[in-house]
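Numbering (mature numbering (1 follows the signal peptide of the UniProt record, and there is no 0)), first residue to last: -22 to -1, 1 to 166.
What follows is the structure in structure tokens.
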């Protein structure tokens, strides 16, 4: 790794840590109040914590990289596991929790992502969040942004037209390889 690349990665890490601390946490329950009540935000945080604790307490899920996120009862699992059985087991743990209304299991089977990839993902998340905030087209508190291996996951409570707008906006961000919509749609 040359000096310039190391400098860019260090800068990305610092900027990402500053701008996206809540968005790149392994467990997140809220990114702002948006249209959810404080009770719903608290429930999401508790549900994410319980799921995370269940995953960590399961010996067969050791040596995996699993991110847990819950938004208005919609759980999203991202990261890497070694086998399909581990993916299914993590999903089963999620669906057993009272606070999970819907599960999106986006775990991939393969080796865990590298530190360099995670830094790049943090950088992508920061840029996407900045674009959403700067656009003034949607309240950024209603949208959660997560990035794993270049795939940007969008969660939140939005109208279909807002989801389409967000996908167009995110697709213009360099480094984004894929976009996954995990929204709860309003007005449907």
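Think of the CB as a built atom: it goes at the ideal place given N, C-alpha and C, for glycine as much as any other residue.
- Looking at the DSSP output, residue 58 sits in a beta bridge with 43, 86.
- The beta strand (DSSP E) runs lying completely inside the stretch 124 to 157 and spanning 3 residues or more are 129 to 136, given in chain order.
- Rounded to whole angstroms, the separation of the alpha carbons of residue 38 and residue 140 is 40 Å.
- Boundaries of the alpha helix (DSSP H) harbouring residue 29: 16 to 34, taken from the DSSP string.
- Contact annotation, residue 154 with residue 130: C-beta distance approximately 5 Å; criterion of less than 8 Å satisfied.
- DSSP places residue 71 within a helical segment (H, G or I) once states are collapsed to three.
- The beta carbon of residue 145 is closer than 6 Å to those of 157 in its chain, skipping five residues each way along the sequence.
- Sequence-distant partners of residue 160 (beyond 5 residues in either direction) whose C-beta falls short of 7 Å from its own C-beta, in its chain, are 52, 54, 82, 131, 132, 133.
- For residue 159, the beta-bridge partners assigned by DSSP are 132.
- Per DSSP, the beta bridge partners of residue 81 are 53.
- Counting every other CB atom within 10 Å of its CB across the protein chains shown gives residue 114 a total below 16, marking it as exposed.
- Excluding five sequence positions before and after residue 46, the CB atoms of its chain that fall closer than 6 Å to its own CB belong to 5, 26, 29, 30, given in chain order.
- If you draw a 10 Å sphere on the C-beta of residue 126, you find 16 or more other C-beta atoms in it, and that means buried.
- Following the DSSP letters along the chain, one finds residue 104 inside the alpha helix (DSSP H) bounded by residues 93 to 113.
- By the Cβ neighbour-count rule, residue 88 is exposed, with fewer than 16 other Cβ atoms within 10 Å of its own.
- As the crow flies, the alpha-carbon of residue 65 is around 16 Å from that of residue 80.
- Cβ contact annotation for residue 49 (same chain, cutoff 7 Å, sequence separation greater than five): 22, 122, 133, 134, in chain order.
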